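Structure first, then comments.
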Amino acid sequence: MKQAITGVAPPELAEVPIATAWPSIAVTALGRWLGRRFENNTVIGPLHLTIGRLWVLLSIPLALKLYFFNLLPFRCRRYQLTNRRVIIQKGLAGADERWTTLDDFDDIRIEVQEGQAWYRCGDLVFTKGKVESLRLPAVPHPESFRATCLKAQRSFSMVKKFAGHK
């Protein structure tokens, strides 16, 4: 163990993972299409069964195939927040595909595409001014991951500021 508290290390010493998120099946067009169907709250029959719930039951085999398809080595993606960067990693080994450093953005927007609301996910869009520096598609519970990213960014800037005053 390199640090006294997990995830806490000066950025100059080591890059330490803080949080990891795996994209929802709403990352695919088919997943979002299913999500739009699942949102249908029209009640049918005396049991108060909705059309959306019926879609959920009928599409379980398809949704499972989609879930496992997203875990295949050539398709697998995950999002990792470290004490230096926000990274999109690919493959089972987690090779870095794209990233933005914690000082390369000043705002994080949440964009919920059609069909993502049912999965409680959304796209996190990292921007610097009006320029998009990174987009994380279909992040589950995007509000909490956004808050964690902003806290990490504040910590990074404070450490950078105080390290510069030595």
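Each position in the sequence shown, counted from 1, maps to that position plus 3 in this note's numbering.
Cβ atoms here follow ideal geometry from the backbone N, Cα and C, with glycine treated the same way.
Values in this document were obtained by computation on a predicted structure and should not be read as measured data.
Rounded C-alpha distance that separates residue 54 from residue 121: Taking the first residue of the sequence shown as position 1, residue 54 is located at position 51. Taking the first residue of the sequence shown as position 1, residue 121 is located at position 118. Approximately 14 Å between the Cα atoms of the pair.
Segment contact, 8 Å Cβ cut-off, at least three pairs: the stretch 23 to 31 with the stretch 77 to 84: yes
Three-state secondary structure assigned by DSSP to residue 4: Taking the sequence shown and counting its residues from 1, the one referred to as residue 4 is at position 1. Residue placement at residue 4 is flagged as unreliable, the pLDDT there being 49, under the threshold of 50; the coordinate-derived value follows with that caveat. Residue 4: coil per DSSP, three-state reduction.
DSSP bridge partner residues for residue 114 (one or two, in chain order): Walking along the sequence shown from the start, residue 114 turns up at place 111. For residue 114, which the question treats as bridged, DSSP gives the partners 126.
For residue 52, the three-state DSSP class (helix, strand or coil): Counting from 1 along the sequence shown, the entry for residue 52 is found at position 49. Note: residue 52 maps to strand in three-state DSSP.
C-alpha gap between residue 60 and residue 165, whole angstroms: Sequence index remark: in the sequence shown, residue 60 carries index 57 (1-based). Sequence index remark: in the sequence shown, residue 165 carries index 162 (1-based). Residue 60 and residue 165: Cα-Cα distance of roughly 55 Å.
Beta-ladder partner(s) of residue 170, from DSSP: Outside the shown range of the chain, which is 4 to 169, sits residue 170, and nothing can be said about it.
Interface flag, residue 74 vs chain B, CB-CB below 8 Å: Absent from the structure: chain B. Only one protein chain is present.
Spatially closest choice to residue 100 from 163, 92 and 124, by CA coordinates: By one-based count along the sequence shown, residue 100 stands at place 97. The option with the nearest alpha carbon to residue 100 is 92.
Counted within 10 angstroms of its Cβ, other Cβ atoms place residue 198 as buried (16 or more) or exposed: Limits of the chain in this structure are 4 at one end and 169 at the other, which puts residue 198 out of reach.
Integer-rounded CB distance, given that residue 127 should sit under 8 Å from residue 145: In the sequence shown, residue 145 corresponds to position 142, counting from 1. In the sequence shown, residue 127 corresponds to position 124, counting from 1. The pair is a contact, with the Cβ atoms about 6 Å apart (cut-off 8 Å).
Rounded straight-line distance, which links the Cα of residue 88 to that of residue 153: The residue labelled residue 153 in the question sits at position 150 within the sequence shown. The residue labelled residue 88 in the question sits at position 85 within the sequence shown. Rounded to the nearest angstrom, the two C-alpha atoms are 12 Å apart.
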